[in-house]
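Below is one structure, written out as structure tokens, with a few remarks after it.
Number of protein chains: 2
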Amino acid sequence: MNVIQIIGIGGLPIIKTGDNLAELICKAAEKQGTPIQENDVIVITHVVVSRAEGCIVNLDEVVPSPFAKSFAELYAKDPAMVEVVLREAKGIRRMTDGKIITETKHGFVCANSGVDKSNVPGENYVALLPHDPDASAERVKEEIRRLTGCDVAVIISDTHGRPLREGEINVAIGVSGLKPIRDRRGERDLFGYTLRVKQTAVADELASAAELVIGQADEGVPAAIIRGYKFIKSETAKATELIRPKEKELFL
Amino acid sequence: MNVIQIIGIGGLPIIKTGDNLAELICKAAEKQGTPIQENDVIVITHVVVSRAEGCIVNLDEVVPSPFAKSFAELYAKDPAMVEVVLREAKGIRRMTDGKIITETKHGFVCANSGVDKSNVPGENYVALLPHDPDASAERVKEEIRRLTGCDVAVIISDTHGRPLREGEINVAIGVSGLKPIRDRRGERDLFGYTLRVKQTAVADELASAAELVIGQADEGVPAAIIRGYKFIKSETAKATELIRPKEKELFL
Numbered sequence: 009m010n011v012i013q014i015i016g017i018g019g020l021p022i023i024k025t026g027d028n029l030a031e032l033i034c035k036a037a038e039k040q041g042t043p044i045q046e047n048d049v050i051v052i053t054h055v056v057v058s059r060a061e062g063c064i065v066n067l068d069e070v071v072p073s074p075f076a077k078s079f080a081e082l083y084a085k086d087p088a089m090v091e092v093v094l095r096e097a098k099g100i101r102r103m104t105d106g107k108i109i110t111e112t113k114h115g116f117v118c119a120n121s122g123v124d125k126s127n128v129p130g131e132n133y134v135a136l137l138p139h140d141p142d143a144s145a146e147r148v149k150e151e152i153r154r155l156t157g158c159d160v161a162v163i164i165s166d167t168h169g170r171p172l173r174e175g176e177i178n179v180a181i182g183v184s185g186l187k188p189i190r191d192r193r194g195e196r197d198l199f200g201y202t203l204r205v206k207q208t209a210v211a212d213e214l215a216s217a218a219e220l221v222i223g224q225a226d227e228g229v230p231a232a233i234i235r236g237y238k239f240i241k242s243e244t245a246k247a248t249e250l251i252r253p254k255e256k257e258l259f260l
Numbered sequence: 009m010n011v012i013q014i015i016g017i018g019g020l021p022i023i024k025t026g027d028n029l030a031e032l033i034c035k036a037a038e039k040q041g042t043p044i045q046e047n048d049v050i051v052i053t054h055v056v057v058s059r060a061e062g063c064i065v066n067l068d069e070v071v072p073s074p075f076a077k078s079f080a081e082l083y084a085k086d087p088a089m090v091e092v093v094l095r096e097a098k099g100i101r102r103m104t105d106g107k108i109i110t111e112t113k114h115g116f117v118c119a120n121s122g123v124d125k126s127n128v129p130g131e132n133y134v135a136l137l138p139h140d141p142d143a144s145a146e147r148v149k150e151e152i153r154r155l156t157g158c159d160v161a162v163i164i165s166d167t168h169g170r171p172l173r174e175g176e177i178n179v180a181i182g183v184s185g186l187k188p189i190r191d192r193r194g195e196r197d198l199f200g201y202t203l204r205v206k207q208t209a210v211a212d213e214l215a216s217a218a219e220l221v222i223g224q225a226d227e228g229v230p231a232a233i234i235r236g237y238k239f240i241k242s243e244t245a246k247a248t249e250l251i252r253p254k255e256k257e258l259f260l
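Chains as they are written, first to last, in this note's numbering: chain A, 9 to 260; chain B, 9 to 260.
Structure representation (structure tokens):
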């Protein structure tokens, strides 16, 4: 029988710049009686990674450009927030009705360049996405190995809106230790038919699964252990593999 | 501590038209020692629902239109398959390079109108999407209640490609008993900040979580129990709420 457990890791302190996030996660997991084990997948919501890495901006110190100011004024937005969103973007996909859909420097297409006002301490602070989420995931993975001796996979997750469908889901913006896409082309189904088009974005599915325990705004569960999922190991895979190159876009 | 279990339900017989799918799922869950419990979420891959409901087409009996024939010839496709895909569509979003992205009669935008050649018995048979997946989910939910006395939520899932990102993920195409979108606007975060934009597509996240145990082509696990997730109950919610109306599209 195939059973997977999703275990929320709670009881962490408020994460501050310079904190050893891996260590705090290992300790919290141990304290609640669910120590990290070999082959666990550890999913971490990006905002605590950003806070630990100091990817935090005080909006009071941001000088907005004239363009940011005029857009903000038109739609009753904070001009400093608009400015930060623009600075984090390498392109604008849509900027209308007060909404800004950008392409981030990493290549993710999302609202507000992933700049997040929630779960950030301080009146007027926002969290940026980590500078290099794959590298962040790798550092956490290596530190967990050093501290526990366990080889795990790490996923950094973010909540993204998406085209065509309502509501946000969690996706992987950083991975280490596992292949984000499971290529099943060539496998056979129950009746011997060879699959021809199946490439499953398992890292996104794992991020979404973890959100089921992380996504309680008031409980302070910034990470989850997914236990019992047989992932395909990789030392080189990156979450940027999940970004579809524009020239391969089928839907837009 | 917040723990969710995802339990694959295996050992079902090959599902045929007219089968009582709910009964077969309940029996299989009991036989493997994990009987269905109150407040479980039962996720079922659509193809077994389609087979039970007779939403199966023998391609040998399909007469393709001249348009289907010419498209199929151009891209070395099966003209009968192209014909079935077109018949299931209420619109074509893109039809190029041998790929067909349609809007199904339900309103889902996906490849090939969701017509599926895998996991269908018979040399030349394909499965259509269920005619009304929300109604299918409701029938299964009611039958599970009758058989076990347990009030559960039911999700019918399908594997969809998506814009912007590579790889497919599982999404909810039918729901019964739970709100597919958890509206968290107005909730407060860890630091007292009121969330303004958070609407989580939990039904899609549950479908993706279930795929982690269902998605083994060769193991015959067509359904999963998700246990321990506190969903918001609803007697009226529909998966069609997850379809974004064109006029609200932000990305395209």
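From the three backbone atoms N, C-alpha and C, an ideal C-beta is built for every residue, glycine too.
*Any idea if Asp-166 of chain A is buried or exposed, counting beta-carbon neighbours within 10 angstroms, 16 or more meaning buried?*
In the first sequence, the residue the question calls residue 166 of chain A occupies position 158. That one is buried.
*Got a sec, what are the start and stop residues for the alpha helix (DSSP H) Ile-152 of chain B sits in?*
Here the question's residue 152 of chain B lines up with position 144 in the second sequence. That run of the alpha helix (DSSP H) goes 141 to 156.
*Exposure label - Lys-238 of chain A; buried when at least 16 CB within 10 Å*: The residue labelled residue 238 of chain A in the question sits at position 230 within the first sequence. It counts as exposed.
*Collapsed DSSP secondary structure at Tyr-235 of chain B in the structure displayed*: As a working mapping, residue 235 of chain B is identified with position 227 in the second sequence. Per the sequence presented here, residue 235 of chain B reads as Arg, with Tyr not at that position. The answer is strand: DSSP assigns Arg-235 of chain B an E or B state.
*Can you find a C-beta in chain B that's less than 9 Å from the C-beta of Asn-178 of chain A?*
For this step, residue 178 of chain A is matched to residue 170 along the first sequence. Yes, Asn-178 of chain A counts as interfacial toward chain B.
*Roughly how many angstroms separate the alpha carbons of Leu-82 of chain B and Gly-106 of chain B, rounded to a whole number?*
Along the second sequence, one-based indexing puts residue 82 of chain B at 74. Along the second sequence, one-based indexing puts residue 106 of chain B at 98. Spanning the two alpha carbons is a distance of roughly 8 Å.
*For Cys-63 of chain A, which three-state DSSP category applies?*
One-based indexing of the first sequence puts residue 63 of chain A at position 55. Three-state DSSP puts Cys-63 of chain A in coil, outside helix and strand.
*May I ask which residues mark the beginning and end of the alpha helix (DSSP H) holding Arg-95 of chain A?*
Position 87 of the first sequence, counting from 1, holds the residue named residue 95 of chain A. Counting along the chain, the alpha helix (DSSP H) containing Arg-95 of chain A begins and ends at 87 to 95.
*9 Å Cβ cutoff, Arg-59 of chain A in contact with chain B*: Translated into the one-based positions of the first sequence, residue 59 of chain A becomes position 51. Closer than 9 Å: no.
_Between Met-9 of chain B and the ligand ADP, is there a pair consisting of the residue's CB and a ligand heavy atom that are separated by less than 8 Å?_
Annotation note on the ligand ADP: not contained in the displayed structure, which lists no ligands.
*Going by the CB atoms, is the gap between Asn-127 of chain A and Asp-197 of chain B shorter than 9 Å?*
Taking the first residue of the second sequence as position 1, residue 197 of chain B is located at position 189. Taking the first residue of the first sequence as position 1, residue 127 of chain A is located at position 119. Result yes, Cβ atoms of Asp-197 of chain B and Asn-127 of chain A sit closer than 9 Å.
_Any beta carbon of chain B sitting closer than 9 Å to that of Gly-26 of chain A?_
Within the first sequence, residue 26 of chain A is the residue found at index 18, counting from 1. It does not; no Cβ of chain B falls within 9 Å.
*Compute the beta-carbon to beta-carbon distance between Ser-144 of chain A and Gly-182 of chain A, rounded to the nearest angstrom, for a pair I have assumed lies under 8 Å.*
Here residue 144 of chain A refers to the residue found at position 136 when the first sequence is read from its first residue. Here residue 182 of chain A refers to the residue found at position 174 when the first sequence is read from its first residue. Ser-144 of chain A to Gly-182 of chain A, Cβ: 5 Å. Contact.
*Check whether the Cβ of Pro-206 of chain B lies closer than 9 Å to any Cβ atom in chain A.*
Residue mapping note: residue 206 of chain B aligns to position 198 of the second sequence, counting from 1. Before going further, note that residue 206 of chain B is Lys rather than Pro in the sequence given. Cβ-Cβ to chain A under 9 Å: yes for Lys-206 of chain B.
_Beta-carbon within less than 7 Å of Lys-241 of chain A's beta-carbon, same chain only, minus the 5 sequence neighbours each way: which residues are those?_
Position 233 of the first sequence, counted from the start, is the residue given in the question as residue 241 of chain A. So the qualifying residues of the chain are Gly-185, Leu-186.
_Beta-carbon contacts of Arg-153 of chain B that lie in its chain and below 8 Å, excluding the five residues immediately before and after_ = Residue numbering aside, residue 153 of chain B sits at position 145 when the second sequence is read from its first letter. So the list reads Asp-159, Val-160, once near-sequence residues are dropped.
*Out of B:Ile-251, B:Pro-43, B:Val-51, B:Thr-25, which has the shortest C-alpha to C-alpha gap to Ile-234 of chain B?*
Stepping through the second sequence from its first residue, residue 234 of chain B is reached at position 226. Looking at the Cα atoms, B:Val-51 is the closest of the given residues.
*Go ahead and label Pro-253 of chain B buried or exposed: buried means 16 or more other beta carbons lie within 10 angstroms of its beta carbon, across all protein chains shown.*
To locate residue 253 of chain B, count along the second sequence from 1; it is residue 245. Label assigned to Pro-253 of chain B: exposed.
_Beta-carbon gap between Thr-25 of chain A and Gly-62 of chain A smaller than 9 Å_ = As a position in the first sequence, residue 25 of chain A is number 17, starting the count at 1. As a position in the first sequence, residue 62 of chain A is number 54, starting the count at 1. Taking 9 Å as the Cβ cut-off, Thr-25 of chain A and Gly-62 of chain A qualify as a contacting pair.
*How big is the Cα-Cα spacing for Asp-124 of chain B and Ala-37 of chain A?*
Along the second sequence, read from residue 1 onward, the residue named residue 124 of chain B stands at position 116. Along the first sequence, read from residue 1 onward, the residue named residue 37 of chain A stands at position 29. The alpha-carbon atoms of Asp-124 of chain B and Ala-37 of chain A are separated by roughly 42 Å.
_Presumed contact (8 Å Cβ cut-off) between Thr-42 of chain B and Ile-12 of chain B, rounded CB distance_ = Here residue 42 of chain B is taken as the residue at index 34 of the second sequence, counted from 1. Here residue 12 of chain B is taken as the residue at index 4 of the second sequence, counted from 1. Thr-42 of chain B to Ile-12 of chain B, Cβ: 14 Å. No contact.
_Please return the same chain residues whose Cβ sits closer than 8 Å to the Cβ of Leu-250 of chain A, not counting the five positions on each side in sequence._
Counting from 1 along the first sequence, the entry for residue 250 of chain A is found at position 242. For Leu-250 of chain A, where only same-chain residues beyond five positions count, the Cβ hits under 8 Å are Val-179, Ala-180, Pro-188, Ile-189, Ala-209, Ala-211, Asp-212.
*From which residue to which residue does the beta strand (DSSP E) around Leu-186 of chain B run?*
Here residue 186 of chain B refers to the residue found at position 178 of the second sequence. Note, Leu-186 of chain B: beta strand (DSSP E), 177 to 186.
*Which one or two residues does DSSP pair with Ile-12 of chain A in a beta bridge?*
Position 4 of the first sequence, counting from 1, holds the residue named residue 12 of chain A. Answer is B:Ile-14.
_With DSSP as the reference, identify every bridge partner of Glu-111 of chain A, one or two as the case may be._
Start at 1 with the first residue of the first sequence, and residue 111 of chain A comes out as number 103. The partner list for Glu-111 of chain A (beta bridge, DSSP) reads A:Gly-99, A:Val-117.
*When the Cα of Asn-132 of chain A is compared with those of B:Glu-69, B:Gly-200, B:Ile-44, B:Ile-222, which residue comes out closest?*
Taking the first sequence and counting its residues from 1, one reaches residue 132 of chain A at position 124. The candidate whose alpha carbon is nearest that of Asn-132 of chain A is B:Gly-200.
*Strand pairing of Lys-241 of chain B, partner residues [DSSP]*: Within the second sequence, the letter at position 233 stands for residue 241 of chain B. Lys-241 of chain B is bridged to B:Leu-186.
*Compare the C-beta of Met-9 of chain A with all C-beta atoms of chain B and state if any pair is closer than 9 Å.*
Taking the first sequence and counting its residues from 1, one reaches residue 9 of chain A at position 1. True, the Cβ-Cβ gap to chain B drops below 9 Å.
*From B:Val-55, B:His-139, B:Val-49, residue whose alpha carbon lies closest to that of Glu-96 of chain B*: Counted from its first residue, the second sequence places residue 96 of chain B at position 88. Glu-96 of chain B has its Cα closest to that of B:His-139, out of B:Val-55, B:His-139, B:Val-49.
*chain B beta carbons: is any one of them nearer than 9 Å to that of Pro-188 of chain A?*
Locating residue 188 of chain A in the first sequence gives position 180, counting from the first residue. Yes, contact with chain B.
*In terms of residue numbering, what span does the beta strand (DSSP E) encompassing Ala-161 of chain A cover?*
Position 153 of the first sequence, counting from 1, holds the residue named residue 161 of chain A. Residues 161 to 168.
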